[in-house]
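Going by the working numbering, the residue at position 307 of the sequence shown is 295; the numbering climbs one at a time, nothing skipped.
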Amino acid sequence: MKRGAAKTALRLAAYAALICALLFSLALSHRQSEANRSLRARVDALSELLAGRQAEIVELKERLAANGGGPSEALSPAETAPDGGEDGVWEPAPPKLWTEYRAYQDLYPSLSVRRPEMWFSRNKTVYLTFDDGPTVHTARVLDTLKEKGVKATFFIVGTSVRRLGEEGEALLRRMADEGHTIGVHCDVHDYKRVYASVEAFLEDFNAAFTLIRDITGVRSDIFRFPGGSVNAYNVKIRAALIGEMTRRGFTHYDWNASSNDTSGRATEDSAWSNAVSRAGNANRVILLMHDTKAVSVRALSRIIDTYEEKGYGFARLTNADKPIVL
Ligand SMILES: [Zn+2]
């Protein structure tokens, strides 16, 4: 009997301990959710305050620009629109992305550039862009641009530079010397390889970025995705990739007009008519061409003339220019 009573007492004590532990954990979780509620309220209040202050900054910068005070001090003069900005407006660039930590963020620690705080939107402007070069046609493109007094943008492929050897390097230096923008396209133009993973993209991008920097001293801060930002090869990694490149300060530019010079049936005439008509009456035209294709190169002079007749001006892209994305 005595052993039975002791057993029951022990069992009761065990139940009591269990109930105590349950009550304690309930009280703890209640306290935690109270604390979380108050933290959330503080985060909300501070976010609201921050948003208000940001709107104030934007307004002040607009007033400054309107008074001829120029762009924000955060932009170095070299990176602002090269020939004035009286016909443009400054718009805030998207906020910095706070992404979840991923191991690829530690790769290539020096692969980052300064992103502008504001974007400039220029009226009635054509941005001529050439992808995939340099090639044997590039010198002619540069000659035509010089003759017309027009600045353009080249999105460079690393293998194209290496294929031409010293001539490729000289062409890159000429682009920089003559005031054109050098952006990154890729190192090896192979969609499957470039878009195999975020790590693969970064490896390829870093190779092209480093090549351009070593030859010209230019740290390219803009780029164009091979195939454009929306393509069938980057579907699975697109969001992470854009997040990572934005985190590193790079800005990408797609296009809203193309000379369609990669089509098998392209001619000098078709390149010209596509180039000047595809954007309709868009205020800003980012025109895609390839200096790998002779047709666009031969049509370039006429393309420039036609846009001038329509009242457009020309500018190179800088990372302060508001992007056009597909
Ligand atoms: Zn390309």
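Glycine included, C-beta positions come from ideal geometry on N, C-alpha and C.
Under the three-state reduction of DSSP output, residue 156 falls in the helix class.
For residue 243, same chain residues with a beta-carbon under 6 Å away, outside a window of 5 residues either side, are 274, 276 in chain order.
CA-CA distance, residue 20 to residue 27, rounds to 10 Å.
Shown here for residue 164: same chain residues with a beta carbon closer than 7 Å to its own, the five before and five after excluded, namely 170, 204, 206 in chain order.
In this structure residue 101 is in contact with residue 238, their Cβ atoms being roughly 6 Å apart against a cut-off of 8 Å. Note that the segment 86 to 98 does not touch the segment 285 to 303; fewer than 3 beta-carbon pairs, one per stretch, sit closer than 8 Å. With a 10 Å radius around the Cβ and a threshold of 16 neighbouring Cβ atoms, residue 14 comes out exposed. Bridge partners of residue 278 according to DSSP: 119. Within the segment 225 to 313, complete alpha helix (DSSP H) segments of at least 4 residues are found at 226 to 235, 256 to 265, 282 to 297, given in chain order. When distances are taken from the beta-carbon of residue 215 to the heavy atoms of ligand 1, the shortest one is below 8 Å.
A check of alpha carbon separations from residue 235 across 83, 128, 146 identifies 83 as the nearest.
Contact check for residue 141 and residue 304: beta-carbon distance about 5 Å, within the 8 Å limit, so the pair qualifies. Beta-carbon to beta-carbon, residue 230 and residue 217 are separated by about 7 Å, close enough to satisfy the 8 Å threshold. Secondary structure at residue 166: coil, using DSSP grouped into helix, strand and coil. For residue 118, the shortest C-beta to heavy atom distance toward ligand 1 is 8 Å or greater.
Residue 295 is a Cβ neighbour of residue 114, given a cutoff of 9 Å.
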